[in-house]
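Number of protein chains: 2
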Amino acid sequence: MTVFTKTPDQTFFDKHPYAQTPEPPYYAVIFSNQNSGLDPDDYGVTATAMEELAATQDGYLGIESTRNSEGYAITVSYWRDLDAIKNWKQNVDHTVARNKGRDTWYQSYYLRVAKVEKAYCFEQD
Amino acid sequence: MTVFTKTPDQTFFDKHPYAQTPEPPYYAVIFSNQNSGLDPDDYGVTATAMEELAATQDGYLGIESTRNSEGYAITVSYWRDLDAIKNWKQNVDHTVARNKGRDTWYQSYYLRVAKVEKAYCFEQD
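Those sequence lines, one after another, are chains A and B. Just so you know, the first sequence maps onto residues 1 to 125 in this note's numbering. Just so you know, the second sequence maps onto residues 1 to 125 in this note's numbering.
Put into structure tokens, the structure is as follows:
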């Protein structure tokens, strides 16, 4: 058993599906959502494009995302600070995608902006 | 289209699968994890028992959780403050389950404690 209580090394991130975040503090945007199931192909293309675009933004630290078979998903994106989140929110392409999300893809969502104060990680030997 | 920018009413929570959190500030524990696939029945029983036990703890606000078909999950639990999180961490039954999780059920995890500063939600009409 290995328990990291500080920032893990590159090997950890190479092996495991987590955002490569630095030592806290930094910010998390917790986006819980229920997919409507409408227009899934277009949703998939846009979601991938948005993840790629987000990754180019100043202050972007990484993303973790999972969705179950009923279309309930949690996506957490990580950012250096509130300004980085604000800039991403105001990005034009992101705004267009977000409006399409409200019009079509999401039945509902809950979005929370939170300041990460502590972090721990673990891997089996 | 309906966009809530403050605390939504009971009807919203009755209809949608989100933790019924109050207006910020409060805390989130973001637990991203990869299941090992070992002993899944026992894992399911224990996970349900832990969710039920957490719900009885002082300062517990709610939980959101989803897992994909590859066993990658994000569970976010919400708490009033850091003391409530600390008390839950020190709960004896929770400690036993956590140790079993490290020994058996989790291949890896990343846990972050974050202070929620802002929240927004949305539902289709």
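Glycine is no exception: its CB is placed at the ideal position from the N, C-alpha and C atoms.
- Message: So, under 8 Å CB-CB, A/Y27 and A/V92 are touching, yes? Tell me the CB distance rounded to an integer number of Å.
- Response: Incorrect: roughly 22 Å between the Cβ atoms, too far for contact.
- Would you mind listing the beta strand (DSSP E) stretches within the stretch 47–109 of chain B that are 3+ residues and don't spill past its ends, in chain order? 60–67 and 72–79
- Residue closest to B/A54, alpha-carbon to alpha-carbon, out of B/V76, B/E70 and B/S36: B/V76
- Give me whichever residues DSSP pairs with B/A114 in a beta bridge. A/V116 and B/A28
- Task: Express the C-alpha separation of A/S32 and A/A84 in angstroms, rounding to a whole number.
- Result: 20 Å
- Does A/N91 have its Cβ less than 8 Å from a Cβ in chain B? no
- Query: Going along chain A, which residues have a C-beta under 7 Å from B/N68?
  - Reply: T66, R67 and N68
- Task: Could you name the residues of chain A that B/A28 contacts, counting a contact when the two beta carbons are closer than 7 Å?
- Result: I30, R112 and A114
- Are there 16 or more other CB atoms within 10 angstroms of the CB of A/Q10, so buried, or fewer, so exposed? exposed
- Message: Please classify A/P22 as buried or exposed, where buried requires at least 16 other C-beta atoms within 10 Å of its C-beta.
- Response: exposed
- Should B/Y110 and A/A119 be called a contact, given that it needs their Cβ atoms to be closer than 8 Å? yes
- Item | Test item: CB-CB of A/K115 and A/P25 under 8 Å | yes
- Message: Quick check: A/G71 and A/G37, are their CB atoms within less than 8 Å of each other?
- Response: yes
- Message: Between B/P40 and chain A, is the shortest Cβ-Cβ distance under 8 Å, so that the two count as touching?
- Response: no
- Residues bridged to A/Q34 (per DSSP): A/Y72 and A/S108
- Message: Taking 6 Å as the limit between beta carbons, can you name the residues of its chain near B/Q20, skipping five residues before and five after?
- Response: F13 and G62
- Query: Taking only beta-carbon atoms, is A/T117 less than 8 Å away from chain B?
  - Reply: Looking at the sequence shown, residue 117 of chain A is not Thr but Glu. Judged by the 8 Å Cβ criterion, A/E117 is in contact with chain B.
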